[in-house]
Amino acid sequence: NCAESLERLARDEEALDRFVAVQQCVDAPVNAETRLGVYRHVGRILLRRGDLEGAREEVETGIAAAEGSGVKAVLPALYELASQIAELSGDLPMALERFKQFHDMHSHVIEQGKRHAQLLAARLDTSRAEAEAAAERERSQALEVANADLVGRASELEQEALSDALTGLANRRRLDEELATSYQDAV
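Residue 18 is where the sequence shown starts when you use my numbering, and the numbers rise one by one after that.
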């Protein structure tokens, strides 16, 4: 984002103008996180300029908006900045309160990240298992087809072994089998 780049270059006036324009233009339901992140950037610029009251108002407005909208991703940075502003203003109880909120929210975000990472790992494992299962199904189907071919070929070879290749009539091997079967039936 251009405004963030200007802020990093310490071109605060230009960055501030762009951030204010973003605040006025960004549609809240579509880009709530972007819109709320602007409060942090503007607060930092005002703090660098020495406008503690303006920075405090901007950050507190951002905190209220973020808490009200349920967009929690920007809250840790806003709480941390609010803590720094309160400390610089000499309001140590508020600085401590905001730092505690920062720490709690930061810990919450880390835990959410860990749960999300575990969920992604489980999804990856599931995808891998599904891919392996599909490959095994294909392999099993190929083996079934090959086995059916082998059974068919074995039957053909058995028939060839029991008949004369030239005449197609039963050969001596077939006679021996029939005699053995008849003898067993007779006894």
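The beta-carbon is built from N, C-alpha and C at its ideal position, and this holds for glycine as well. Source: prediction; values computed, not measured.
Within 10 angstroms of the beta-carbon of Gln101 lie 16 or more other beta-carbons, which makes it buried.
Along the length of the segment 86 to 154, whole beta strand (DSSP E) runs at least 3 residues long do not occur. In the structure shown, Ala49 adopts helical secondary structure according to DSSP, grouped into three states.
Non-local C-beta neighbours of Asn188 in its own chain, meaning closer than 7 Å and more than five positions away in sequence, comprise Leu179, Ser180, Asp181, ordered along the chain. Rounded to whole angstroms, the Cβ separation of Tyr56 and Val37 is 11 Å, and the two are not in contact under 8 Å. Between the segment 132 to 142 and the segment 91 to 98, the count of C-beta pairs closer than 8 Å stays below three; the two stretches do not touch. Looking at the backbone, the Cα of Leu69 and that of Gln129 are separated by about 33 Å. For the options His58, Ala49, Asn164, Ala27, the alpha carbon positioned closest to that of Val88 is the one of Ala49. Around the beta carbon of His125, fewer than 16 other beta carbons sit within 10 angstroms, so the residue counts as exposed.
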